[in-house]
Amino acid sequence: MLASGKVFKYGDNIDTDVIIPARYLNTPDMKELASHCMEDIDKEFAQKVEEGDIIVANKNFGCGSSREHAPIAIKESGISCVIASTFARIFYRNAINIGLPILECDEAAKGIEEGDKVEIDFNTGVIKNITKNETYQAEPFPEFMQNIIQNGGLIKSIEKNK
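Quick note, in the numbering used here, the sequence shown goes up one by one and the last residue is 203.
Listed below in structure tokens is the structure:
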């Protein structure tokens with residue numbers, strides 16, 4: 042599994058209310074959720090993001106409520122991966138459950154900047170910053186998690202592997 046794209050960079054403690062504001066949680070349309078992703082911290086995110094782009098953040102990304110809407114909005118916006126120093130545990134689990142790849146790598150979170158071009162190999166955990174010609178090592182996904190992500194989430198993975 043590979044990903045490649047330009048980076049949107051955020052700081053510490055990006056909570057689920059910032060990722061998808063609560064005022065939009067009543068919509069069942071995932072594309073509508075994506076159109077409001079990150080708007081309280083980055084008004085132009087939904088207009089600028091392209092398929093395959095990557096979010097990089099510092100500590101405690103996805104803190105706050107346990108809503109699955111946050112990783113869904115990120116994934117539906119076109120983001121191929123979120124890299125952070127650390128994730129809130131419930132966000133981490135929700136992201137894997139819906140098939141959004143996320144990697145913890147403090148070195149990458151500190152070294153990668155807004156607009157950098159990044160490539161990720163999920164099988165090895167290698168993150169390459171093409172812009173700066175730097176390489177970082179994250180823990181690769183175990184095989185069972187790769188299977189969940191490749192199948193589009195936990196439920197789809199279970200259904201496929203019955």
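A virtual CB, placed ideally from N, CA and C, is assigned to each residue, including glycine. Keep in mind the model is a prediction, meaning the values are calculated, not measured.
Can you tell me which of the three DSSP states residue i falls into?
i: Ala-111; result: helix
i: Val-59; result: helix
i: Lys-203; result: coil
i: Asn-192; result: coil
Give the straight-line distance between the Cα atoms of residue i and residue j, rounded to the nearest whole angstrom.
i: Gly-46; j: Glu-117; result: 15 Å
i: Asp-147; j: Thr-127; result: 7 Å
i: Ala-114; j: Phe-49; result: 15 Å
i: Leu-144; j: Ile-60; result: 17 Å
i: Pro-181; j: His-110; result: 25 Å
i: Tyr-65; j: Thr-57; result: 12 Å
i: Ile-171; j: His-77; result: 29 Å
i: Ser-121; j: Asn-202; result: 24 Å
i: Tyr-133; j: Gly-103; result: 8 Å
From the DSSP output, read off the bridge partner residues of residue i.
i: Thr-176; result: Lys-169
i: Leu-43; result: Asp-162
i: Phe-49; result: Ile-96
i: Phe-102; result: Phe-128
Q) Which ranges would you report for the alpha helix (DSSP H) in the stretch 115-158 if only whole runs of at least 4 residues count? A) 130-139, 147-152
Q. Enumerated in chain order, which unbroken segments of the beta strand (DSSP E) with a length of 3 residues or greater are wholly contained in the stretch 58-95?
A. none
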